[in-house]
Each structure stands twice: as structure tokens, then as C-alpha cells.
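Under this note's numbering, the first residue of the sequence shown is numbered 1, with each subsequent residue one higher.
We put the CB at the ideal spot given by N, CA and C, even for glycine.
Quick caveat, the model's predicted, so the values are computed rather than measured.
As C-alpha cells, the structure follows; a few thoughts come after it.
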Amino acid sequence: MIRAIEDDSSAAHSRQDAQLSFSATVAVGADGPPRTRLRPRARRIQVPPPRSDLRAAPCLLTSDSIRWSVHQSTMIRWSFGEGLNALHSAGIPAVGIWRRKVEEVGEAAAVDMVRSSGLAVSCVGWTGLFTGQNGLSLKEAKADASAAIRLAAALDAPNVCVVTGGRGLHIRSHARRIVRETLQELGDFAGAMGVQLCVHPLAGDDGYRRCLLRSMHEAVDFVAEVQHHAVRLLLDLAHFHHADARAFQLLERCAPWVGLVRVCDRRAEARVLADDCVLGDGVVPVGELVGAVVDHGYTGFFDVALWGPRVWRGGHAALVRQIGATMRSLFAAQVASSGYD
Numbered sequence: 001m002i003r004a005i006e007d008d009s010s011a012a013h014s015r016q017d018a019q020l021s022f023s024a025t026v027a028v029g030a031d032g033p034p035r036t037r038l039r040p041r042a043r044r045i046q047v048p049p050p051r052s053d054l055r056a057a058p059c060l061l062t063s064d065s066i067r068w069s070v071h072q073s074t075m076i077r078w079s080f081g082e083g084l085n086a087l088h089s090a091g092i093p094a095v096g097i098w099r100r101k102v103e104e105v106g107e108a109a110a111v112d113m114v115r116s117s118g119l120a121v122s123c124v125g126w127t128g129l130f131t132g133q134n135g136l137s138l139k140e141a142k143a144d145a146s147a148a149i150r151l152a153a154a155l156d157a158p159n160v161c162v163v164t165g166g167r168g169l170h171i172r173s174h175a176r177r178i179v180r181e182t183l184q185e186l187g188d189f190a191g192a193m194g195v196q197l198c199v200h201p202l203a204g205d206d207g208y209r210r211c212l213l214r215s216m217h218e219a220v221d222f223v224a225e226v227q228h229h230a231v232r233l234l235l236d237l238a239h240f241h242h243a244d245a246r247a248f249q250l251l252e253r254c255a256p257w258v259g260l261v262r263v264c265d266r267r268a269e270a271r272v273l274a275d276d277c278v279l280g281d282g283v284v285p286v287g288e289l290v291g292a293v294v295d296h297g298y299t300g301f302f303d304v305a306l307w308g309p310r311v312w313r314g315g316h317a318a319l320v321r322q323i324g325a326t327m328r329s330l331f332a333a334q335v336a337s338s339g340y341d
């Protein structure tokens, strides 16, 4: 049995690190792939290759056609069940699953609870750390990723969120090769299970400890380099502080590769991972960015994931209501501007 560990034991970083816990327990067979109790029926997906004509693709929006969720890490103080009940009561259609919360109840119970809640699942996260910097061997990291893929398949979740791992003791080119080859290998398994791996570049100045990819530019180049139908890009709006020409050019470049969009807001002075704020209180132009992504033909999930003391200290019930109102208003505006309803 193995347990993925956090790379920083200091109390100063404990809250910042909380959302990036890769601590699902898996069994590693001596002569085969990792084993878990969950054995979902395999579903094969065909992810289309990147297209260059997304701008021209018609986007026929209705009030029900835009998929969105709230991630469990946003509700850090609530139990697994409390979070599901609150989202259902608030009329939020889907949830992003945090594996750290799954540990509270166990995987089998978590799957049953999600199915009973009536909520869809946008993603399962996180896994990765393939470079060994954070205390996992490559074999252990692959086992953890395989367990995350199986859990996502059991939950009918289309995405698993992946953080590459930092450079560690490797030269940068070697670390990139390790991650690239690992994602290609895991991509075969994920695709067979009906899941895609979404590579998440970390925006905070402290992200280098866990991620080779520090910007959306780096991330889209890397995903294109991996060139696997089940390896996609997690478009994190934390990387965008302006809705200007450069931002829209970057969105256009990323659009063919995007598998999941993380919706968040941050203050201009934010420098660390766990420094988000409530939607509307920061500088991220969420409405303009979401509109641009939709205009490029994106039909996947928008996952609202807010991390940090500014978010958590205000009370989860009020936060969930505010997120629901903000996202419904935002998507209603998108539907109205599209000319369809």
C-alpha cells in the first residue's frame, strides 16, 4: 500500500497545499496494474483531434447546453455528503470531485452517494507528480493516476485533473520526457475507460514545487507535444487577468486542446496557489473569458474551483448561493448574446 505525500511539511504552506493532495490509497500488484475495489465497465471514447476551424463552428446555446459544476475543494469545511446535499439544494447541476474528500467515506460509498445525489460529475482531481520531487516513485505515481482514472470512470466523470510534478533532481528536458511518456502511457488506459487526462498548469509563484508548466503557453505547447487523443488541457482562468487582445489570442490557441475549464477569480496581488477570492471580487474577467471559450465551440464543463482563506472564511452556504447566482447570470447572458434560447 502506498500513500502519496505532500512535499511541504511546514505549517505556513499547509492551507496552500491542501487542495493539491494526492493521497488516494491504491494497491500495487507485483505483476500487473494497480488494483482497486471499483471495477467500472470500460467505455471507449474518441476525442477528436485539434481543429483549426473552431472560430467558425456554430455555437447554438440554450439555457441547458452549458455544463458547469462546483468543485468540492471550494467547500473545504463540509463533509463529502454535506457538499453534495448543498449543491443539490442550490440547484447546481454538477460537482467536481476532490479525492481528498473521497477518503472521508471510501471510494465505493462515494460513488453511491454521488449517484444518489443526482449530480453529474465534471472531473476528478488531482493526480500526477510524476517526477519524484514530492516523495512518490514513478511507479507509485502511475498507480495513483490509474486509481484516479478508475474512480472517474465509476463516477461517469469525463476528466481527471493532472499536475505534472516539479523538476526535482532532473534536468528540465528529462523531466518533460518523463511526464510526456507517462501521459502517453496513461492516456491509453484513460481513453479505454472513457476518461481524458487534463493537464493543469499552476498559476501561483509556489507552483514550481509541483508543476513543470507555469503558464498556459507552456501547457498548450506541452499537450500538443504529447499528441494523445485522451490528453487534454485544463484551461485555468487564474492565468488571465485581462480581457485584451493577447488573452484572446491565447484562448484561440488553446481552444482546440481544452478538455476542462477552471473558473475562478483572483486579486491582482495574488501570488500563491491558495489566494483566490469570491467571483466578482478580483481582476479575472470571467464573463469575457467564458464567452470567448464558448465562441470557440467548447462544449465541456466549466468547473468553479475557488481555493484559499478569503473564500473559505465567509461561510460555505452563502458562497454556494453566490456562485450559483453568478454562473446562472453569466450563462444567461451568453445565451442571450448568441441569439438562441
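A Cβ-Cβ distance of about 5 angstroms is found for the pair Val124 and Ile97, placing them in contact under the 8 angstroms criterion. A distance of 8 angstroms or more separates the beta carbons of Asn159 and Val111. Between the alpha carbons of Val286 and Val179 lies a gap of roughly 30 angstroms. Considering only Arg150, Glu225 and Cys161, the residue with the shortest C-alpha distance to Phe189 is Arg150. In this structure the region 104-122 does not lie against the region 133-142, because fewer than three pairs of beta carbons, one per stretch, are closer than 8 angstroms.
Inter-residue distance for Gly280 and Asp265 is about 7 angstroms (C-alpha atoms, whole angstroms). Annotation: Ile149 is outside any beta strand (DSSP E); the continuous alpha helix (DSSP H) that includes it extends over Leu138 to Ala154. Per DSSP, the unbroken alpha helix (DSSP H) holding Gly83 starts and ends at Phe80 to Ser89. Counting along the chain, Leu251 sits inside the alpha helix (DSSP H) bounded by residues Ala245 to Cys254. With the rule of 3 Cβ pairs closer than 8 angstroms, the region 313-321 does not count as touching the region 240-252. In the structure shown, Gln334 falls within a helical segment according to DSSP collapsed to helix, strand and coil.
Under the three-state reduction of DSSP output, Arg99 falls in the helix class. For Arg310, the uninterrupted alpha helix (DSSP H) segment begins and ends at Pro309 to Trp312.
In the three-state reduction of the DSSP assignment, Thr127 falls in the strand class. In the DSSP assignment, Asp112 falls within the unbroken alpha helix (DSSP H) covering Glu107 to Ser117. A distance below 8 angstroms between beta-carbons, with the five flanking residues on each side excluded, links Arg67 to the following residues of its chain, in chain order: Pro93, Ala94, Ala120, Ser122, Thr299, Gly300, Phe301 and Phe302. With respect to the 8 angstroms criterion, Val70 and Val284 are not classified as neighbours on the basis of their beta carbons. Contact between Val293 and Ala268 does not hold, since the beta-carbon distance rounds to 22 angstroms and is not under 8 angstroms. Relative to the Cα of Thr127, the nearest Cα in the group Phe80, Asp221, Cys211 and Ala243 belongs to Cys211.
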